[in-house]
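Chemist:
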Amino acid sequence: MILALETSCDETALAAFDPQRGLVGEWVRTQIEIHGRHGGVVPDLAAREHLRQVVPLLLAGKDAWAGGPVGRIAVTRGPGLAACLALGVAAAKALALALRVPLSGVNHLRGHAWSPFISEHAAAPGNFDAALAELLPHLGLIASGGHTILFRIDSDRTVAQISSTRDDAAGEALDKGAKLLGLGYPGGPLIERAAAGGRTGAFDFPRGLGRRADLDFSFSGLKTSLRYQLEKMPLDEIREKMADLCASYQQAVVDALARKTRAALGRGGFRSLGLSGGVANNGVLRQRLAGEANRARVRFLAAGPGHAGDNAAMIGFAAWAGAANAAEGGMDLRIDPGARLDQA
Ligand code: KG4
Ligand code: ZN
280 MILALETSCD ETALAAFDPQ RGLVGEWVRT QIEIHGRHGG VVPDLAAREH
330 LRQVVPLLLA GKDAWAGGPV GRIAVTRGPG LAACLALGVA AAKALALALR
380 VPLSGVNHLR GHAWSPFISE HAAAPGNFDA ALAELLPHLG LIASGGHTIL
430 FRIDSDRTVA QISSTRDDAA GEALDKGAKL LGLGYPGGPL IERAAAGGRT
480 GAFDFPRGLG RRADLDFSFS GLKTSLRYQL EKMPLDEIRE KMADLCASYQ
530 QAVVDALARK TRAALGRGGF RSLGLSGGVA NNGVLRQRLA GEANRARVRF
580 LAAGPGHAGD NAAMIGFAAW AGAANAAEGG MDLRIDPGAR LDQA
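For the sequence shown, the numbering used here gives the first residue as 280, with consecutive numbering after it.
1) Say yes only if the C-beta of P395 is nearer than 7 Å to one or more non-hydrogen atoms of the ligand KG4, and no if none qualify.
2) Mind checking whether the beta-carbon of D495 lies closer than 7 Å to any heavy atom of the ligand KG4?
3) In chain order, what are the residue ranges of uninterrupted beta strand (DSSP E) at least 3 long that sit wholly in the region 363 to 442?
4) Tell whether a beta-carbon distance below 8 Å holds between P358 and L382.
5) Below 7 Å, is the gap between the Cβ of N386 and the nearest heavy atom of the ligand KG4?
6) Could you have a look at D447 and say whether DSSP puts it in helix, strand or coil?
7) Rounding to the nearest angstrom, what Cα-Cα distance links T427 and L488 in this structure?
8) Which same chain residues end up closer than 7 Å to W393 when comparing Cβ atoms and leaving out the 5 residues on each side of it in sequence?
9) Going by alpha carbons, who is nearest to L628 out of I421, G350, A371?
10) Under a three-way DSSP split, which group does A612 fall into?
11) Output needed for G583: all residues of its chain with C-beta closer than 7 Å, excluding positions within five of it in sequence on either side, in chain order.
12) On a Cα-Cα basis, can you pick out the residue from L453, L411, P465, T444 that is closest to D435?
13) Quick one: any contact between the region 281 to 290 and the region 319 to 337, if contact means 3 or more CB pairs under 8 Å?
14) Comparing C-alpha positions only, which one of A492, E516, A369 sits nearest to A542?
15) Is V558 a contact residue of the ligand KG4, with contact defined as CB to any heavy atom under 7 Å?
16) Go ahead and pull the three-state DSSP assignment for F273.
17) Rounding to the nearest angstrom, what Cα-Cα distance links A353 and S551 in this structure?
18) Check for me: the beta strand (DSSP E) holding R351 runs from which residue to which?
19) Roughly how many angstroms separate the alpha carbons of A522 and A481, rounded to a whole number?
20) Across the region 559 to 573 and the region 438 to 445, are there enough close Cβ pairs to call them in contact, namely three or more that are closer than 8 Å?
21) Check whether the region 301 to 314 touches the region 442 to 459, counting contact only when three or more Cβ pairs, one atom from each stretch, lie closer than 8 Å.
22) Could you spell out the range, first to last residue, of the beta strand (DSSP E) harbouring A581?
23) Between the region 494 to 502 and the region 520 to 536, do at least 3 Cβ pairs fall closer than 8 Å?
24) Where DSSP assigns a beta bridge to S555, which residues make up the other side?
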């Protein structure tokens with residue numbers, strides 16, 4: 280069994296993953312309410328909260344993982360907030376020492392990259408290698424608050440970045456948009472809810488880099504365009520047209536993500552399409568990408584409930600499924616707050 284710890288941002292999360300049985304248990308303490316009061320994640324508050332939560336979390340899961348045997352500890356080493364990562368890695372080192380087991384440092388983005396496969400594994404743990412062979416090469420989209428990345432996983436299980444955003448991430452565009460609209464934080468789910476019944480074509484927002492042949496994304500122009508639009512509208516008109524504004528804005532984000540994903544799929548050779556990261560919770564995006572997968576005749580794998588946004592299950596799973604290409608970390612394991620997807 281692999282015991283995994285994730286503390287890179289605003290979730291303190293623990294998971295026990297057994298390659299033979301699947302997920303044994305998951306425990307999470309979220310800080311959304313604390314950061315919501317500040318309109319975004321405050322690094323210093325996040326680190327203090329992880330410190331407060333990490334031991335109660337380990338104790339909450341103890342009945343499940345103490346039954347063990349625990350064969351390895353996995354922990355997120357980056358990218359993420361330095362103080363938060365350091366706290367998680369220190370706790371993981373202490374656990375590995377106490378339990379006398381090896382420690383793996385996992386790239387958080389590789390966790391997201393592998394997360395759509397967790398439910399494939401759960402369906403038939405003993406048959407995972409064969410099932411995976413049918414799904415590779417894989418094209419994946421990670422859309423979160425900090426990252427927007429297209430990547431591939433090849434038959435030797437190497438994970439390689441194809442493209443990314445040049446400025447804001449997709450989730451960041453939704454969070455900043457929601458702030459301009461006075462909806463609160465985090466913006467993605469609030470915009471999705473407020474968009475219900477709205478017309479997606481009511482306002483014309485830009486699709487960043489839409490006409491360019493490369494696969495990079497850009498979302499900074501979108502939020503600027505919303506700001507200009509709102510400056511032209513009196514407050515009661517904004518209130519009255521809130522559903523239309525949200526539906527149109529959300530559609531611009533979904534369109535931009537779907538267009539580049541379609542272009543990448545068109546380059547051919549993929550057998551599955553994956554979607555993960557917090558924005559993968561969005562119903563409109565999931566449906567749209569399922570359509571793109573269908574059109575390209577590849578399997579669509581979206582991260583399951585609780586595994587789209589940050590979680591520890593994906594860290595334990597990536598430590599196992601991507602082990603051949605992961606960095607082995609001993610007691611000298613360091614954090615890497617700026618790690619890229621390509622790095623172990
Ligand atoms: O992956 P995540 O939990 O944290 C990281 O950024 O690593 O992603 C958080 C992002 C936020 O920007 C949030 O607004 C967005 O995911 N999000 C959504 C939805 N739920 C969360 N965006 C669109 N629709 C949602 N339902
Ligand atoms: Zn994340």
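Where a beta carbon is used, it is the ideal one built from N, C-alpha and C, also for glycine.
Modeler: From the atom records:
1) As a working note, residue 395 is residue 116 in the sequence shown. P395: no, Cβ never under 7 Å from the ligand KG4.
2) Start at 1 with the first residue of the sequence shown, and residue 495 comes out as number 216. No, Cβ of D495 sits at least 7 Å from all heavy atoms of the ligand KG4.
3) 382 to 386, 417 to 422, 427 to 432
4) The sequence position of residue 358 within the sequence shown is 79, counting from 1. The sequence position of residue 382 within the sequence shown is 103, counting from 1. Contact flag unset, no.
5) Sequence index remark: in the sequence shown, residue 386 carries index 107 (1-based). Not so, every heavy atom of the ligand KG4 lies at least 7 Å from the Cβ.
6) Residue mapping note: residue 447 aligns to position 168 of the sequence shown, counting from 1. Coil at D447, not helix or strand.
7) As a position in the sequence shown, residue 427 is number 148, starting the count at 1. As a position in the sequence shown, residue 488 is number 209, starting the count at 1. Answer to the nearest angstrom: the Cα atoms are 14 Å apart.
8) Residue mapping note: residue 393 aligns to position 114 of the sequence shown, counting from 1. If we look at W393 and ignore the five residues flanking it on each side, its Cβ neighbours are M593, F596, A597, A600, G601.
9) The structure shown does not extend to residue 628, since the chain is modelled only from 280 through 623, so no value can be given for it.
10) Mapped onto the sequence shown, residue 612 falls at position 333. It should be pointed out that residue 612 corresponds to Leu in this sequence rather than to Ala. If DSSP states are grouped into helix, strand and coil, L612 belongs with coil.
11) Stepping through the sequence shown from its first residue, residue 583 is reached at position 304. For G583, where only same-chain residues beyond five positions count, the Cβ hits under 7 Å are I397, S398.
12) Translated into positions along the sequence shown, residue 435 becomes position 156. Cα-wise, what sits closest to D435 is L411.
13) yes
14) The residue given as residue 542 occupies position 263 in the sequence shown. Of the listed residues, the one whose Cα sits closest to A542 is A492.
15) To locate residue 558, count along the sequence shown from 1; it is residue 279. Within the cutoff, so yes.
16) A question about residue 273 goes unanswered here, because the residues of the chain that appear run from 280 up to 623.
17) Your numbering for residue 353 matches position 74 in the sequence shown. Your numbering for residue 551 matches position 272 in the sequence shown. Cα to Cα, A353 sits roughly 27 Å from S551.
18) Here residue 351 is taken as the residue at index 72 of the sequence shown, counted from 1. It spans 351 to 357 - the beta strand (DSSP E) in which R351 sits, taken as one unbroken run.
19) Looking up residue 522 in the sequence shown gives position 243. Looking up residue 481 in the sequence shown gives position 202. In a straight line, the C-alpha of A522 is about 10 Å away from that of A481.
20) no
21) no
22) Reading the sequence shown from its first residue, position 302 is the one you call residue 581. Its beta strand (DSSP E) spans residues 578 to 581.
23) yes
24) Taking the first residue of the sequence shown as 1, we reach residue 555 at position 276. DSSP output for S555 lists I421 as bridge partner(s).
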